[in-house]
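**Q**
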Amino acid sequence: MSATKLLVLGIVHLSGGAHGYQVRSELQSWGAETWAKINPGSVYHALKKAAADGLLTEHAEAGNSGPERVLYRVTARGCDEMVDMVRDGLRRTHDADMLNAAIAMLPMLTRSDAIAQVGERVASLEAELVAQAEWRKHPNRDTPEHVREQADLWAGHARTELEWAKSLSGRLSEGAYIMADDPGSWRTVPDQLKKSS
Numbered sequence: 000m001s002a003t004k005l006l007v008l009g010i011v012h013l014s015g016g017a018h019g020y021q022v023r024s025e026l027q028s029w030g031a032e033t034w035a036k037i038n039p040g041s042v043y044h045a046l047k048k049a050a051a052d053g054l055l056t057e058h059a060e061a062g063n064s065g066p067e068r069v070l071y072r073v074t075a076r077g078c079d080e081m082v083d084m085v086r087d088g089l090r091r092t093h094d095a096d097m098l099n100a101a102i103a104m105l106p107m108l109t110r111s112d113a114i115a116q117v118g119e120r121v122a123s124l125e126a127e128l129v130a131q132a133e134w135r136k137h138p139n140r141d142t143p144e145h146v147r148e149q150a151d152l153w154a155g156h157a158r159t160e161l162e163w164a165k166s167l168s169g170r171l172s173e174g175a176y177i178m179a180d181d182p183g184s185w186r187t188v189p190d191q192l193k194k195s196s
């Protein structure tokens, strides 16, 4: 799974269609090169690859006093993959780039779906903390003593992330954010998918 792929699909979809430079500019305005480690050049590669995989369509347009430009639109298959990637990014631990991309595209999910995926993340983190506590109680004799510092660091990260995930689940349950099944969501925008499928 790729944070770049998810964000590219999401921006094209939310725009109802976009040119490569528009996608790149939008990601730069979000600071995605920092929190999702997106290289601006990788945006164009992701667009071409997604089109080759049938997730986007390409429409040539005359350029403004220059070469033709390509307008990208998300296909129905691309939309399904995008939603699956948001789900995966929310529930899978140890991939900060995908988590950040999934949060950026959180409104692609219905409220109940988002709560369920965050719930899976909570369960995984709780299980990790139990396993880490057990390992710290009974470390392998051959493990250098200073390596326990890593375990303490990992446990600290997991506790912080667990607290955040529980808080997000609570906010979602209380109605925070406009989700896919809410009035005014991205699904109420004119359906570009029918034009590109």
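So the sequence shown is numbered by numbering that gives the first Met the number 0: it starts at 0 and just counts up by one. Ideal placement from N, C-alpha and C gives every residue a C-beta, glycine not left out. Only a predicted model underlies this, so the values are computations on that prediction, with no experimental measurement involved.
Three-state secondary structure (DSSP) at A59?
**A** strand
**Q** Determine whether the beta carbon atoms of V117 and S184 lie at a separation below 8 Å.
**A** no
**Q** Mind checking whether M81 and G9 have CB atoms under 8 Å apart?
**A** yes
**Q** According to DSSP, simplified to helix, strand and coil, what is S196?
**A** Because S196 carries a pLDDT of 37, less than 50, the predicted location of this residue cannot be relied on, and the following value inherits that uncertainty. It is coil, neither helix nor strand.
**Q** Determine the burial state of H12: buried for a count of at least 16 other Cβ atoms within 10 Å of its Cβ, exposed for fewer.
**A** buried
**Q** Does the stretch 100-108 come into contact with the stretch 139-154, if we say contact requires no fewer than three beta-carbon pairs (one atom in each stretch) closer than 8 Å?
**A** As far as the Cβ criterion goes, the stretch 100-108 does not touch the stretch 139-154, which means the pair count is below three.
**Q** Among the residues of its own chain, which have a CB less than 8 Å from the CB of V42, if the five just before and after it don't count?
**A** T3, V7, G19, V22, R23, L26
**Q** Tell me the residue span of the alpha helix (DSSP H) that contains V82.
**A** 75-90
**Q** Using the rule of at least 16 other Cβ atoms within 10 Å of the residue's Cβ for burial, across every protein chain shown, is A60 buried or exposed?
**A** For clarity, residue 60 is Glu in the given sequence; the question names Ala instead. Exposed: under 16 other Cβ atoms inside 10 Å.
**Q** Going by DSSP in three states, H44 sits in which element: helix, strand or coil?
**A** H44 carries a helical assignment under DSSP once its states are collapsed to helix, strand and coil.
**Q** Starting from L6, trace the alpha helix (DSSP H) in both directions and tell me its first and last residue.
**A** 2-14
**Q** Grouping DSSP H, G and I as helix and E and B as strand, with all else coil, what is L152?
**A** helix
**Q** S111 to A31, Cα distance in whole Å?
**A** 27 Å
**Q** Rounded to a whole number of angstroms, what is the C-alpha to C-alpha distance between G174 and K48?
**A** Going from the Cα of G174 to the Cα of K48 covers about 36 Å.
**Q** In whole angstroms, what separates the C-alpha of D180 from that of L161?
**A** C-alpha separation (whole angstroms): 26 Å.
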